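Notes follow once the structure below has been shown.
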Amino acid sequence: MKKKKIVALFLTMAMTASLVGCSGSKSTSGTANTDETTNAVTETNSAADSTVSAETAEKHDPVSLRFSWWGGDARHEATLAVIDQFEKEYPWITIEAEYSSQDGYNDKLMTQFASGTAPDIMQLETGAAPEYYGQGQLLNLSETSIDFSNFDPTFLQNNGQFGSGSQYAMPTGQAGSAIVVNKDLADKIGIDFTKQYDWNQLIEWGKQVQEYDPSMYLISGNLTYMTAFIMRTWSRQANGDAIISKDNKLNMTEQQFEECLTYIKSLYDNKAAAPLSYMASYGTSNQDDPNWIAGKYVCTIGYTSSADVMQAANPNANYIAGNMPVMSNAKSDGWFNDCPQYIGIYAKSKYPEEAAMFVDYFFNNEDAMKTLGTVRSVPPTAKAQQITEEAGSLNPLTKMCVDISQQYNGLSDSGKTTSAEVTAILEDAFESVAYGAKTPADEAKEVISLLNDYLALQ
Numbered sequence: 001m002k003k004k005k006i007v008a009l010f011l012t013m014a015m016t017a018s019l020v021g022c023s024g025s026k027s028t029s030g031t032a033n034t035d036e037t038t039n040a041v042t043e044t045n046s047a048a049d050s051t052v053s054a055e056t057a058e059k060h061d062p063v064s065l066r067f068s069w070w071g072g073d074a075r076h077e078a079t080l081a082v083i084d085q086f087e088k089e090y091p092w093i094t095i096e097a098e099y100s101s102q103d104g105y106n107d108k109l110m111t112q113f114a115s116g117t118a119p120d121i122m123q124l125e126t127g128a129a130p131e132y133y134g135q136g137q138l139l140n141l142s143e144t145s146i147d148f149s150n151f152d153p154t155f156l157q158n159n160g161q162f163g164s165g166s167q168y169a170m171p172t173g174q175a176g177s178a179i180v181v182n183k184d185l186a187d188k189i190g191i192d193f194t195k196q197y198d199w200n201q202l203i204e205w206g207k208q209v210q211e212y213d214p215s216m217y218l219i220s221g222n223l224t225y226m227t228a229f230i231m232r233t234w235s236r237q238a239n240g241d242a243i244i245s246k247d248n249k250l251n252m253t254e255q256q257f258e259e260c261l262t263y264i265k266s267l268y269d270n271k272a273a274a275p276l277s278y279m280a281s282y283g284t285s286n287q288d289d290p291n292w293i294a295g296k297y298v299c300t301i302g303y304t305s306s307a308d309v310m311q312a313a314n315p316n317a318n319y320i321a322g323n324m325p326v327m328s329n330a331k332s333d334g335w336f337n338d339c340p341q342y343i344g345i346y347a348k349s350k351y352p353e354e355a356a357m358f359v360d361y362f363f364n365n366e367d368a369m370k371t372l373g374t375v376r377s378v379p380p381t382a383k384a385q386q387i388t389e390e391a392g393s394l395n396p397l398t399k400m401c402v403d404i405s406q407q408y409n410g411l412s413d414s415g416k417t418t419s420a421e422v423t424a425i426l427e428d429a430f431e432s433v434a435y436g437a438k439t440p441a442d443e444a445k446e447v448i449s450l451l452n453d454y455l456a457l458q
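Per this note's numbering, the sequence shown starts with residue 1, numbered consecutively.
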């Protein structure tokens, strides 16, 4: 196990306790060029619009805000376009864009919180956001001018309120765990993901795949996705609650961890899932695996937001969204529809009102909805979904995955269960038994010990 990783995360947790401060910002906004060929009427209207904008801007002191996010080029381009639209409508406000890949994003944000230099507006990882809320880093959005009427109230309650009854972060889209199935291959082997099934069925199907072709596997899944998919869901189904409850109590028993880890060992021993040693080469980018591209997996385990990427990697296959496994004696089906990221406002922003204006525009303006499309998964509101469907930017497979996730009634893992420290403990345990380095019984004892040590620090 990677003990150093866990120790380092414990130290990071202690370091980021509560130092906060106001964030500065600096930006330049673009200006529109005048088209010399525009007719006189249009020139007059443009001049009038410019005069109105100038007069409006004169009524306000200039405000500069920083907005940080991660993503790929498509997300960057769409977000920058929305910033440009917003600045034209509110010319006294400029937005400084701070964008990057996801690698190191959360570590950087934690450092900024600790030093009081966090951006005014920021994209947040769903696992880390509850911790930021607990540290007092996030502004109460329910006390701002943001309009929530386009959102389903239950969806907001489960995404961004963190049990408080007030909104502290805005869900950027609808998402959940997903099984993307190569239907043609599944049909050839006699596997039906459209029916409801239990966890053991995945092992039996894995055996069928091996009998059909020993070079194939039922499941393509990386360590990060598989750990969340199995271990977190196991507790929700067995206990009707997350591994760690909202009041920081450990719900999973040592026996339950041993049962879960025994299942994981069996999954890999029976070659139902591709070896972790092989999948490690591709990180969380399962789409880069040549065996996925060649159609050598029946399904991939991931999230609704990655369905279109997996589909694009092998466009010749016919894909559907599969149902999710549920244990026979489950207290809850354990699956839920949540979001891929949040947008939040720094609690110590110098300009909370203007930051809220941008967030409101980002989620409620129709032009913004159309511009953003699905760069942050299926949009979070019915109105935005309709706009993206009409524009042809909503991937049908992604929508199918979200529709499947909405059929289930589990509650999300808000709180300590999704913290970086707990995630590291669970991933190390998963990896240890999958590789055969430790027995499920020994690993279960160690997980309980490490989780209790973690909770003692809270």
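Backbone N, C-alpha and C fix where the C-beta goes; we use that ideal spot for every residue, glycine too. Bear in mind that the values here come from a model prediction, so they are computed numbers and not experimental data.
Run through the DSSP bridge pairs and tell me what residue i is partnered with.
i    : result
P171 : Y342
L138 : Y346
E258 : Paired residue(s): none; E258 is not in a bridge.
R66  : E96
C299 : V181, I219
E125 : Q341
Y263 : Looking at the DSSP assignment, Y263 forms no beta bridge with any residue, so it has no partner.
L426 : L426 pairs with nothing; no bridge assigned.
S377 : V375
I320 : V181
A273 : I219
CA-CA distance, residue i and residue j?
i    : j    : result
P396 : Q458 : 43 Å
A169 : A355 : 13 Å
Q135 : A186 : 47 Å
A330 : T417 : 19 Å
I189 : I387 : 39 Å
E421 : I244 : 12 Å
V402 : S177 : 9 Å
G392 : P380 : 17 Å
L138 : G240 : 29 Å
A274 : I93  : 51 Å
I219 : I301 : 7 Å
S405 : A437 : 34 Å
Q237 : N452 : 22 Å
H76  : V375 : 9 Å
G283 : F229 : 16 Å
E89  : I146 : 17 Å
S285 : A272 : 20 Å
T51  : I83  : Unreliable placement is indicated for T51, whose pLDDT of 48 sits below 50; the coordinate value is still reported in the next sentence. Roughly 21 Å separates the two Cα atoms.
D61  : V359 : 20 Å
D288 : A280 : 11 Å
Report all residues from its chain with a CB closer than 6 Å to the CB of residue i; omit the five preceding and five following residues, and keep chain order.
i    : result
T144 : A356
D120 : S23, L65, R66, Y346, S349, A355
A128 : N106
Q311 : Y319, L397
Y268 : A434
A74  : V375
A81  : T371
Please go through the same chain and pick out, in chain order, the residues whose beta-carbon is closer than 7 Å to the beta-carbon of residue i, but skip the five residues on each side of it.
i    : result
E431 : L223, L276
N248 : K416, L455, Q458
D413 : R232, A242
P440 : E258, L261, T262, K265, V433
Q102 : W70
T227 : L426, E427, F430
Y361 : F86, A368
I293 : A313, N314
F151 : P380, T381
S328 : D198
G410 : R236, S332, D333, G334, W335, F336
N364 : D147, N150
G160 : Q167, Y168, A169, M170, P171, Y342
L394 : T374, V378, Q385, T388
In chain order, what residues of the same chain have a beta carbon less than 8 Å from the beta carbon of residue i, not counting five sequence neighbours either side?
i    : result
S166 : N140, L141, S142, E143
Nearest chain C C-beta to residue i closer than 7 Å, yes or no?
i    : result
A114 : Among the chains in the structure shown there is no chain C, since it carries only a single protein chain.
*asked:* Pairs of beta-carbons, one from the region 362–371 and one from the region 320–339, closer than 8 Å: are there three or more?
replied: no
*asked:* Assess contact between the region 244–263 and the region 429–446, defined as three or more Cβ pairs (one per stretch) separated by less than 8 Å. Is contact present?
replied: As far as the Cβ criterion goes, the region 244–263 touches the region 429–446, which means the pair count is three or higher.
_Completely contained alpha helix (DSSP H) runs for the region 206–238, where each covers 4 or more residues_ = 223–227
*Does the pairing of the region 311–324 with the region 209–220 give three or more beta-carbon distances under 8 Å?*
no
*Below 8 Å, can you find three or more Cβ-Cβ pairs linking the region 117–137 to the region 297–316?*
no
*Cβ pair count under 8 Å reaching 3, the region 341–355 against the region 62–82*: yes
*Residue ranges of each alpha helix (DSSP H) run of no fewer than 4 residues wholly in the region 379–418, ordered along the chain?*
382–391, 396–405
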